[in-house]
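The numbers in the working numbering rise by one with no breaks, and the one at position 220 of the sequence shown is 300.
For every residue, glycine included, the Cβ atom is placed at its ideal position computed from N, Cα and C.
What follows is a single structure, written as structure tokens, with notes after it.
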Amino acid sequence: MTTLCNEKAPILVNEEIGCNIWLMTVEAPAIAGGARPGQFVHVRVPGMDDHILRRPLGIYAADAEAGTVDMMYQVLGFGTERMTALPLGGSVELIGPIGRGWQPPAGCSRALLVAGGVGSAPLHPLACELAAAGVEVTAVLGAGTADALVARERFCAALDCEPACSTDDGTYGRAGFCTPLVEEALAAAAAEGRPFDYVACCGPEPLMRLVAAMAAEAGVFCEVSLERRMACGVGACLSCVVDTVDGKRRACVDGPVFPATEVVW
Ligand SMILES: Cc1cc2nc3c(=O)[nH]c(=O)nc-3n(C[C@H](O)[C@H](O)[C@H](O)COP(=O)(O)OP(=O)(O)OC[C@H]3O[C@@H](n4cnc5c(N)ncnc54)[C@H](O)[C@@H]3O)c2cc1C
Ligand code: FES
């Protein structure tokens, strides 16, 4: 059971790392110490008096020793735009770590992680954890353009090998969407007689739906991390519901990670 913390977190790093994508590192020792891969933080951005809602962001890295949390955020609207202007030494208020994270099957020995865009954020700590546990991990990263493949180096470092990459515009890796790379990885592992026993995917919903279908076809257990607009972030308001085979569930506390076969796509 995760203990929820509310921390005023001093900003240590806030810089643009790619095409409209920023990295923020904050000091939040209680959250860093309790976070599990796939969980998120709910961020109150100062200076947003007209916008009281927090913004949910996946935990890109949590360093329990240093007491720091990294978030990778794409600038989309008022809140994330406002975040880019926050100075070092300023602070944000975080609630977290929130939600059901990734739950690889017991005895998992070979895993395929698929990230579209900033969907790489919650998959990065999973890559680190699986690699440290001796699981053989293949990563597929897709982005619009080379500058948006911002997590590539961190995945290289975590896995000690180059992830398979694609860009929509062909500026890095395979040109086009990343789904052919996923298909090829599933087929190659099956042909070797050592199929994956776990697929984890986060990115745009059409990508997750397709990857879920490919994993189902290959008979591999798959989890996806769903994005919903969130108000409270702690299970009280029902603004984030997801249709599942078991009825409506809350993305914030019952997810954001769900077994793909439970989601009504
Ligand atoms: C569990 C969870 C984890 C997330 N992790 C990350 C992450 O690691 N990095 C990242 O860049 N983004 C992440 N998001 C999405 C992020 O929360 C939104 O992009 C952000 O809240 C937008 O705030 P804003 O004020 O800039 O935009 P707004 O002004 O509120 O909206 C601008 C645009 O963004 C869209 N948008 C707003 N909120 C969401 C949302 N929750 N999901 C999808 N679209 C949204 C709106 O429809 C609108 O088109 C995550 C969302 C969830 C639910
Ligand atoms: S955001 Fe309120 S219940 Fe999920």
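Rounded distance between the beta-carbons of ARG274 and ARG190, thought under 8 Å: Indeed they touch by this definition, with Cβ atoms about 6 Å apart.
What is the C-beta distance between GLY315 and ARG329, in whole angstroms, given that I count them as a contact (C-beta under 8 Å)? About 10 Å separates the two Cβ atoms, so there is no contact after all.
Using DSSP's beta-bridge definition, name the partner residues of ASP323. LYS328
Under the DSSP definition of a beta bridge, which residues are partnered with SER246? GLY222, ARG254
Contact with chain B by LEU133, beta-carbon distance below 9 Å: Structure shown: chain B not included; a single protein chain is present.
From ALA146, LYS88, GLU216, VAL198, residue whose alpha carbon lies closest to that of HIS122: When each option's Cα is compared against that of HIS122, the closest is LYS88.
Segment contact, 8 Å Cβ cut-off, at least three pairs: the segment 94-114 with the segment 252-268: no
Counting pairs of beta carbons, one from the segment 280-291 and one from the segment 188-205, are three or more of them closer than 8 Å? Yes, the segment 280-291 touches the segment 188-205.
Runs of alpha helix (DSSP H) lying entirely within the segment 103-166, each at least 4 residues, in chain order: 109-114, 158-164
What are the boundary residues of the beta strand (DSSP E) that includes PRO177? 171-178
For VAL150 and ALA298, I'd like the C-alpha separation in whole angstroms. The sequence shown places Asp at residue 150, rather than the Val named in the question. Distance from the CA of ASP150 to the CA of ALA298, rounded to the nearest whole angstrom, comes to 34 Å.
As assigned by DSSP and simplified to three states, the class of GLY181: coil
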